[in-house]
Amino acid sequence: MPRLFVALRPPPAIREVLFDTMDGVPAARWQDDEQLHLTLRFIGDVDRPVAEDVAAALAAIHTAAPVVALGGVGRFARRGRTEALWAAVTPHDALAHLHRKVDQACVRAGLDPERRAYLPHITLARLPRSLGEERPVEAWLARAASLASAPFALPHLILYHSALGRGGAVYEPIARWPLGTS
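For reference, each letter of the sequence shown is one residue, going -2 to 179 in the numbering used here.
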């Protein structure tokens, strides 16, 4: 049963900018090059026929490629413990529009609509439950707060397969569709 998600992939120059921020938090599992992406919709485990229906519905999306920029950093925390560090991507309007189109395509393929609020970001690191000390996270957030880039396009919609393993998730693009120009 494939575990799927839909994402956009930042260009190599932007991934290099992101790599420059990835240090200074002990025990953080920093993303590698193949893991850097901007999720539009997590699908999860689906049967192969549903995966094929999702791919067909995604292929029918026609919209302009979003043009965005890096604009700061943040974290996801639960119960006062940081779980992930991420880079913010702005502006949100074009990404929110594409997120809605992807969600509508997934619903047409038989999936439930997305219920969570959409926050465009690129995950940079995941933190273990045993981290304990938050000071390195606070220091990293302060140091990386000025993360910024020139605008860049995200020209392809990508359907990924995610395989979970002991070393973390391995992402494999299984389908890619070009997005139009503005």
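Where is the CB? At the ideal position from N, CA and C, for every residue including glycine.
Sequence-distant residues of the same chain with beta carbon closer than 7 angstroms to residue i, five excluded per side
i, result
"PHE2", "THR36, ARG38, PHE39, ILE40, TYR157 and SER159"
"ALA56", "TRP174"
"HIS89", "PRO117"
"ALA74", "GLU80"
"GLY136", "The question names Gly, but residue 136 in the sequence shown is Ala. Excluding residues within five positions, the ones whose Cβ falls inside 7 angstroms are GLY21."
"VAL47", "ALA106 and GLY107"
"ASP100", "ARG38, PRO110 and GLU111"
Residue i: first and last residue of the uninterrupted beta strand (DSSP E) it sits in
i, result
"LEU156", "153 to 162"
"ARG12", "Careful: ARG12 lies outside any beta strand (DSSP E), inside the alpha helix (DSSP H) at 9 to 16."
"GLU169", "165 to 175"
"ARG112", "Where ARG112 is concerned, there is no enclosing beta strand (DSSP E), given that its DSSP letter is neither H nor E."
Backbone secondary structure at residue i - three-state DSSP
i, result
"ARG6", "coil"
"GLU135", "helix"
"ALA106", "coil"
"ALA141", "helix"
Cβ-based burial, residue i [other Cβ within 10 Å; buried from 16]
i, result
"ALA4", "buried"
"HIS34", "buried"
"HIS96", "buried"
"VAL22", "buried"
"ARG45", "exposed"
"VAL104", "exposed"
Cβ shell of residue i (< 6 angstroms), same chain only, five flanking positions each side left out
i, result
"ILE171", "LEU156 and HIS158"
"ALA25", "ALA122 and LEU124"
"ALA141", "THR18 and VAL70"
"ARG112", "none"
"VAL53", "One detail in the question is off: residue 53 reads as Ala in this sequence, not Val. Cβ neighbours of ALA53 beyond the five flanking positions: none."
"GLU169", "HIS158"
Nonlocal neighbours in the same chain, by C-beta distance under 8 angstroms from residue i, ignoring five residues either side
i, result
"ALA166", "GLN32, SER159 and ALA160"
"ALA145", "ALA66, LEU67, GLY68 and GLY69"
"ILE11", "LEU67, SER146 and PHE149"
"ALA60", "The sequence given here places Thr at residue 60; Ala does not occur at that position. Contacts found: HIS94, LEU95, LYS98, LEU176 and GLY177."
Extract the residue ranges of the alpha helix (DSSP H) inside the stretch 20 to 100, only unbroken runs of 4 or more that lie entirely within it. 45 to 56
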